[in-house]
Amino acid sequence: MHPVRKQRLILVLVLVTLSSVAVGFVTYAMRENMDYFYAPSAFAAGEVPFEKRIRAGGCVVPGSVQRAEDSLDVRFVITDGEAELAVVFDKILPDLFAEGEAAVISGRLMQDGTMRADQVLAKHDETYTPPEVAESMVSHESCADGAKI
Numbered sequence: 283m284h285p286v287r288k289q290r291l292i293l294v295l296v297l298v299t300l301s302s303v304a305v306g307f308v309t310y311a312m313r314e315n316m317d318y319f320y321a322p323s324a325f326a327a328g329e330v331p332f333e334k335r336i337r338a339g340g341c342v343v344p345g346s347v348q349r350a351e352d353s354l355d356v357r358f359v360i361t362d363g364e365a366e367l368a369v370v371f372d373k374i375l376p377d378l379f380a381e382g383e384a385a386v387i388s389g390r391l392m393q394d395g396t397m398r399a400d401q402v403l404a405k406h407d408e409t410y411t412p413p414e415v416a417e418s419m420v421s422h423e424s425c426a427d428g429a430k431i
């Protein structure tokens, strides 16, 4: 083999090896920062790991929101229509958070089966309805009527 070709081959092999190692390190580092999304039925089936950072999504069950009088603690239940998941949150809820509306919760599943939320994201649709029109509407959408999660 010609020395120039041999030198190019070695250079290419070194670059491929270094690139593979770099991709491996990045993948390993990202694994620690990934939040996997689970529905409440996955929690009921026991498919969700305890004490790992995860996300859950569902509709807030009407009548399930309980606020503590002396702190910011809030307890509520989310559902996907098949199972329910109890959530505990100790910060200020977003303005769009409401019973019967979709929400995405980031946090950790505790050993007692409740989810300790670090963040609650209220979901909403992209259509705007002026307040006057909204007040005149007789029926309203709820999660049971098909709000998207």
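The sequence shown runs 283 to 431 under the working numbering. Where a beta carbon is used, it is the ideal one built from N, C-alpha and C, also for glycine. Since this is a predicted model, take the numbers as computed values, not measurements.
- [ ] Leaving aside the five residues before and after H422 along the sequence, list all residues of the same chain whose C-beta is less than 7 Å from its C-beta, in chain order.
- [x] Residue placement at H422 is poorly supported in this model, since its pLDDT is 37, which falls under 50; the coordinates still yield a value, given next. So no residue of the chain qualifies.
TODO: Let me know the secondary structure DSSP gives Q401 once reduced to three states.
DONE: strand
Task: Every unbroken beta strand (DSSP E) within the stretch 331-388, with a cutoff of 3 residues, ordered by chain - done: Taking only runs of at least 3 residues, the beta strand (DSSP E) segments lying wholly in the stretch 331-388 are 335-342, 356-361, 366-371.
Open item on the list: Using CA atoms only, rank isn't needed, just tell me which of P331, C341, D372, F307 is closest to E351.
Closed with: D372
Task: Whole-angstrom distance between E329 and V370, CA atom to CA atom - done: C-alpha separation (whole angstroms): 20 Å.
Task: From L300, A326, V305, T299, residue whose alpha carbon lies closest to that of L391 - done: Closest option to L391, Cα to Cα, is A326.
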